[in-house]
Each structure stands twice: as C-alpha cells, then as structure tokens.
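Here is the structure we will look at, set down as structure tokens.
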Amino acid sequence: MDVYKCTLLSNDKITETSCDMRVLAPEMADAKPGQFVHVKCEGFTLRRPISICDVDGEVLRLVVDRRGKGTEWLTEQRVGATLDILGPLGRGFGTHGRVLVVGGGIGCPPLLYAAKASDSADAILGFRNSAAMMLLGDFRDACDTVQLATDDGSAGFRGRVDELLRRRLSEEKYDRVLSCGPTPMLRACKRVCEELGVPLEVSLEERMGCGVGACLVCAVKLRGADGEYVGHVCKDGPVFKAEEVCFDD
Amino acid sequence: MTDMRVSIAGVKFKNPILVASGTFGFGHEYGKFYDLSELGGICVKGTTLHKRDGNPAPRIAETPSGILNSVGLQNPGVDAFCAEEMPFLKRFDTKIVANISGNTLEEYSELAEKVAAAGVDMIEVNISCPNVKAGGLAFGTSCTSAAAATEAVKNHAGSVPVMVKLSPNVTDITEIARAVEAAGADALSLINTLLGMRIDLKTRRPILKNNTGGLSGPAVLPVAVRMVWQVANAVKLPLLGMGGVASGADAAELMFAGASAVAVGTALFNDPYAPIRVRDELAEYCENAGVARVSELTGGVKPW
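Taken in sequence, the protein lines are chains A and B.
Quick note on numbering: our numbering labels position 232 of the first sequence as 222, and the sequence is numbered without any gaps.
Quick note on numbering: our numbering labels position 279 of the second sequence as 277, and the sequence is numbered without any gaps.
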C-alpha cells in the first residue's frame, strides 16, 4: 500500500452518471477483492474512495459514479492522464467456495472481482431501472447465472434483490453471500441470510477522510464478543461480516 | 545546509515540522509510509480519562479548500494510551506530545500525571475541542477556566513542559493567551478548528450528524497566520503554529508570524507524505533565502 502515479488507459461512460476507468497500476496487482483505492481529485482537500472493480495483471479497473464535483472531475479525465492513487486499502471479501454476490446499483462493481476470484459464483444484481444497469456482460462471463432486478420492472424481475435472494437461498446451497449496495438493501439481505443461515459479508460506505485509519471519521457501529464498539470503514472494512454490523433497525 | 533544529520550552525538535493531534492517530498508520523518526514531533490523538466512542457518523464534510470534522475525541482512554501506545511511539527518534482533554479540573490533573509518568516529551492541553459537550471548548473560551485548566495540568505535569492549545472560536484570542501564560503555561499551540456547518440541500439535514463541526485545511491558514501573529505580539511564550499548512511556504508564513514550529494536519488526508514534503520544501526555501538556522524565521514578519 502506497501512493502511486497511474496512467489512465481507458475511460468509458457506461451509464448516465458512471464511467468505467482502467489505470495502469502494476504496484497494485496484489489488491484483494473488496479493497478500495483513494483517488486524489485536483483542487479538492479530500481524496475519493473508489472500490476496486477488477484487477487484470497490471491494470486496475474502477467504476466511478458522478456524485459531486470531485467525482465529476475524476470522470472527466482523459486517457493518458496521470492519476494519484493511494491503495490498495481496507479489508476485502472472503471468496472461498461457492458464492452468491448480491449487488445494488453502484455497489455492483466490487462484486465482479469477488465473483471472479471465487471458486464458483452466481449473481443477483439490482438497479433502479434498465438505464442504470452496468457490467452485465462482465458478470455473465464471471458467473454461472446472473439474475436481474429493477425497481420499475424495465428489465428483469420487478422488485427488490432480497426477494430474489430469499428464493435463491431456499433452492440452492452457498458457502457465503457477498453484498454491496445501499444500506436498506444490505439490511434486508442480512435479515434473509440470518433467517436461512447463510454467512453474509457486506461492503459498507461512509464519508471518509484519510482512508488509512488515522483520522477516525468513517465510524461504524459494530458488535463483537465484548458488546458494541465503534470501528472504521476504511481500516476495519469496508467489508464486514454482516452479524458484526449494527444496522440502525 | 540550513540548521533545521528548533526548541520549544526546552524540548529539542530535530526539525520544526510536527503532525497535528487528531490527524495522525498514534502513528501506526502513517508509520507504514515513512519512518516516524523523520518527523520533528507527533502530537498524538487527543486522550481522555475514560474511553470515548466519539460522535455518530457522518463525521466529515468537505468544504471549499477544507473539511469539517466532528469526530468527538474518540480514543481508547489515557490508560490504554500509556500502556499500549507509548511503548510503540518511544521506539522512534522523535518527540511525543500527548494531547489531553478533561471534563473537570480534576480530570486534567489526573491526565497530566498519567501521561507525564508515561514519559511523554510534552503535554498539549486541549481546551479547544469544538465537538464535545463537556470540557473541551468549554474551558478554552473563558480566561478564568483556561487559566484554571492550565494550572491544574502544570501542578501535576512534573518537569514535562505544558503547551496549551487555543481555540480560534473566541472574541479575542490574545486575552486567553495572556491568561494561560499567567497561569504558568510553557508554550501555546494554535489554532484548533473553527466551528462550522454545512447543509445538504436535498434532505435539509446538516451533513454532519453532530450538526456542527471544526473547520480545518487550507481555508483556515490565513486565520491561523493572523492569530499566531497576534498571540506572538501578546505573550512571550513559544508557539506551535497550525491551521491549513500544506506546503513549505505555508509553514514559513506561520513561522514569520511568530511560530517556533509548525504542525501539519488535514494535508495528510490528501497526501500521506505531506509532513515530510513540507519539511523538505521549508528547508529548500531556507537554503534559497540564505537562512542559516530555520529558527531565524520565527517572528521575522515585517509588519506595515
């Protein structure tokens, strides 16, 4: 883990708000699925945490969603530009055995690398609508099956991913479920996995500062053997065992 | 080669660049990037008598040229600091500045005794944290209570020099500085963060769960320079300047304004190597300006 200057190799718009970016980063070839990088954005005090979507040899793949001015700057970078990237950071997913990845929207990218790294994987991916869908071809290549859900029914199943998750887990055996997406979705997945007794790992998001565990801003309430405590998404996560996370419910 | 050594209240720093409390934890994280012995000193994460979980997240919001934070002094408590963190920190050839924050005068006394016994090189008295309800800023905004906290720490710190960290959230920082000097402080550090707030237009909610937080980063540099200059003119105590330092030039400004040494904080979040870079840029500036000793910069401003 260190700060690296990385050349932008490609930058393709894949939805209205997000870009699929590849950077040359031989030093980060050992990044683990679920880890993230912290990218400097010119003119901003804070870096932007971006989950690692895939690692292919010396090439790191990042899907960046335009959320504000910082990520807007990032998605506007042209091929050939040099990006200042701190990483790889955080703790990633466990990928042994047969896994089911469950993604929601911009939570899908880190699950691609996890699916690829696993022994065998299936995917359930949810999006607002068909226009927000991303990485479907990649997931189809990496997984045995891919099930789709959209809120408005414009593609795949009309409804929530946790409904598909419940069906799937009642029919098939998995060693673990890996999930990343909006908090309400993660909370619903946790409920389903607890009921059906399948281990779940979730990747969390929180407003972040240093990215390395020094500034303590990205706090998350966790539950350990000795009761509740405050951990940090950047260092203790972003991936946590679902039973350790105190979702506010 | 410019002599980069400086001293504050008898504590000798190998160079004038420290890292600011709350931005560097207890050194483990940035110690993976470089040898902590490169630093002039480390102001470690603020510690309290008992463990604190801090405030709920979100605890950070970006601002134009800065950030707001509302961590709320999350720390493992002074006993854990002394037992678990000091042995690690002592392995490095750098000065360790403990930062202590009490709810009462008795707590300040007890904290001072404990960190002094643990072998810290200096004590920074936090009377200026804007993110906790009791103690913190409550002590730092009145001359009487600031003086009382200073005295409590002085009486229990033994031979360890006591530096009081001042809040910019006051009408006249020089009044507090004078009161603290009269109460026996050996040095002052300034500035802590400026109280601020941001609101999400979609939700009409403040971005910070604590509603308000402390502003730091390049946005506050000119405020820090001004306050260091005012305080330097008001007291005889040596000053550790901080607030938005991100380059050697920024550090030089604070030193010209009156600081004997400078702490780097928020810049770390953008560049983990910021303190090393600031030190090297400051040394380069001194070389080019023909400055033999970096300490010559202190108070060197020529006001109109």
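Note that CB positions come from ideal geometry on N, CA and C, so glycine has one too.
Original post:
Is any beta-carbon of chain A found at less than 8 angstroms from that of residue 57 of chain B?
Top reply: Judged by the 8 angstroms Cβ criterion, residue 57 of chain B is in contact with chain A.
Original post:
Does any heavy atom of the ligand ADP sit closer than 7 angstroms to the C-beta of residue 75 of chain A?
Top reply: In the structure shown, the ligand ADP is absent, as is every other ligand, since no ligand is present at all.
Subject >> One or two residues paired with residue 73 of chain A in a DSSP bridge >> reply: For residue 73 of chain A, the beta-bridge partners assigned by DSSP are A:-4.
**OP:** Just the C-alpha distance for residue 269 of chain B and residue 228 of chain B, rounded to the nearest angstrom, thanks.
**Re:** One C-alpha to the other measures close to 30 angstroms.
Subject >> Closer than 8 angstroms to chain A by CB, residue 264 of chain B >> reply: Residue 264 of chain B counts as touching chain A.
Original post:
chain A partners of residue 273 of chain B, CB-CB under 8 angstroms?
Top reply: In chain order: nothing, as chain A lies at least about 12 angstroms away.
Original post:
Between residue 122 of chain B and residue 97 of chain B, is the Cβ-Cβ spacing less than 8 angstroms?
Top reply: Here residue 122 of chain B is near residue 97 of chain B, since their CB atoms are less than 8 angstroms apart.
Original post:
Cα separation between residue 2 of chain A and residue 12 of chain A?
Top reply: Rounded to whole angstroms, residue 2 of chain A to residue 12 of chain A spans 9 angstroms at the Cα level.
Original post:
Whose Cβ in chain B lies nearer than 7 angstroms to the Cβ of residue 118 of chain A?
Top reply: Correct list: empty, because the minimum Cβ distance to chain B is about 16 angstroms.
Original post:
Does the beta carbon of residue 27 of chain B come closer than 8 angstroms to any beta carbon on chain A?
Top reply: Yes, residue 27 of chain B counts as interfacial toward chain A.
Original post:
Got a sec? Which residues, its chain only, sit under 7 angstroms from residue 146 of chain B by beta carbon, not counting five neighbours each side?
Top reply: Excluding sequence neighbours, residue 146 of chain B sits near 103.
Original post:
How big is the Cα-Cα spacing for residue 77 of chain A and residue 100 of chain B?
Top reply: In this model, residue 77 of chain A and residue 100 of chain B are separated by some 37 angstroms (Cα to Cα).
Original post:
Counting only runs that start and end within the region 70 to 157 of chain B, where is the beta strand (DSSP E) found for 3 or more residues in a row?
Top reply: Runs found: 93 to 98, 120 to 124.
**OP:** Note down, in chain order, every chain A residue with its Cβ under 9 angstroms from the Cβ of residue 51 of chain B.
**Re:** Within chain A, the residues near residue 51 of chain B are 209, 211, 218, 219, 220.
**OP:** Locate the beta strand (DSSP E) running through residue 224 of chain A, then write down its first and last residues.
**Re:** Unbroken run through residue 224 of chain A is the alpha helix (DSSP H), 223 to 226; no beta strand (DSSP E).
**OP:** Report yes or no: is there a C-beta of chain A within less than 8 angstroms of the C-beta of residue 69 of chain B?
**Re:** Residue contact check for residue 69 of chain B against chain A: a CB pair falls below 8 angstroms.
Subject >> Three-state secondary structure (DSSP) of residue 204 of chain B >> reply: DSSP, read as helix, strand or coil, puts residue 204 of chain B in strand.
Original post:
Between residue 86 of chain B and residue 79 of chain B, what straight-line distance do the alpha-carbon atoms span, to the nearest angstrom?
Top reply: Rounded to whole angstroms, the gap between the alpha carbons of residue 86 of chain B and residue 79 of chain B is 10 angstroms.
**OP:** Within 10 angstroms of the Cβ of residue 119 of chain B, are there 16 or more other Cβ atoms? Answer buried if so, exposed if not.
**Re:** With 16 or more other Cβ atoms inside 10 Å of its own Cβ, residue 119 of chain B counts as buried.
Subject >> Span separating the alpha-carbon of residue 135 of chain A from that of residue 71 of chain A >> reply: Across the structure, residue 135 of chain A and residue 71 of chain A are spaced so that their CA atoms are roughly 37 angstroms apart.
Subject >> One or two residues paired with residue 11 of chain A in a DSSP bridge >> reply: According to DSSP, residue 11 of chain A bridges with A:1, A:52.
Original post:
If we cut at 8 angstroms on Cβ distances, does residue 81 of chain A have a partner in chain B?
Top reply: Using a Cβ-Cβ cut-off of 8 angstroms, residue 81 of chain A does not count as an interface residue toward chain B, since no Cβ of chain B sits closer than that to its own.
Original post:
Which residues does DSSP pair with residue 261 of chain B in a beta bridge?
Top reply: In the DSSP assignment, residue 261 of chain B forms a beta bridge with B:16, B:240.
Original post:
Helix, strand or coil for residue 245 of chain B per DSSP?
Top reply: In the structure shown, residue 245 of chain B sits in coil (DSSP, three-state: anything other than H, G, I, E or B).
Original post:
Where do the ends of the beta strand (DSSP E) carrying residue 90 of chain A lie?
Top reply: Per DSSP, the unbroken beta strand (DSSP E) holding residue 90 of chain A starts and ends at 88 to 94.
Original post:
Quick one: is residue -6 of chain A buried, meaning 16 or more other Cβ sit within 10 Å of its Cβ, or exposed?
Top reply: The residue is buried, with at least 16 neighbouring Cβ atoms inside 10 Å.
Original post:
So is residue 89 of chain A buried or exposed if we call it buried at 16+ other beta carbons inside 10 Å?
Top reply: Buried, by the Cβ-count rule.
Subject >> First through last residue of the alpha helix (DSSP H) which encompasses residue 276 of chain B >> reply: From DSSP, the alpha helix (DSSP H) with residue 276 of chain B extends over 272 to 287.
Original post:
Buried or exposed: which applies to residue 19 of chain A, given that a residue is buried once 16 or more other Cβ atoms fall within 10 Å of its Cβ?
Top reply: Residue 19 of chain A should be labelled exposed.
Original post:
Leaving out five residues before and five after residue 206 of chain A in sequence, what residues of the same chain have Cβ atoms less than 7 angstroms from its Cβ?
Top reply: Correct list, in chain order: 222.
**OP:** Compare the Cα-Cα distances from residue -1 of chain A to each of A:14, A:180, A:104 and report the closest residue.
**Re:** Nearest in C-alpha terms to residue -1 of chain A, of all of A:14, A:180, A:104, is A:14.
Subject >> Stretch pair the region 37 to 49 of chain B + the region 280 to 293 of chain B: three plus CB contacts closer than 8 angstroms >> reply: With a cut-off of 8 angstroms, the region 280 to 293 of chain B and the region 37 to 49 of chain B do not count as touching, because too few Cβ pairs lie within range.
Original post:
Would residue 169 of chain A pass as a contact of residue 186 of chain A if the rule is Cβ separation under 8 angstroms?
Top reply: Not a contact, by the Cβ cut-off of 8 angstroms.
Original post:
Secondary structure at residue 117 of chain A, three-state DSSP: helix, strand or coil?
Top reply: In the three-state reduction of the DSSP assignment, residue 117 of chain A falls in the strand class, which pools E and B.
**OP:** Pull up the CB-CB distance for residue 13 of chain B and residue 277 of chain B, whole angstroms please, since I reckon it's below 8 angstroms.
**Re:** Confirmed, Cβ separation roughly 5 angstroms.
Subject >> Exposure of residue -1 of chain B, with buried meaning 16 or more beta-carbon neighbours within 10 Å >> reply: Exposed, because fewer than 16 other Cβ atoms sit within 10 Å of the Cβ of residue -1 of chain B.
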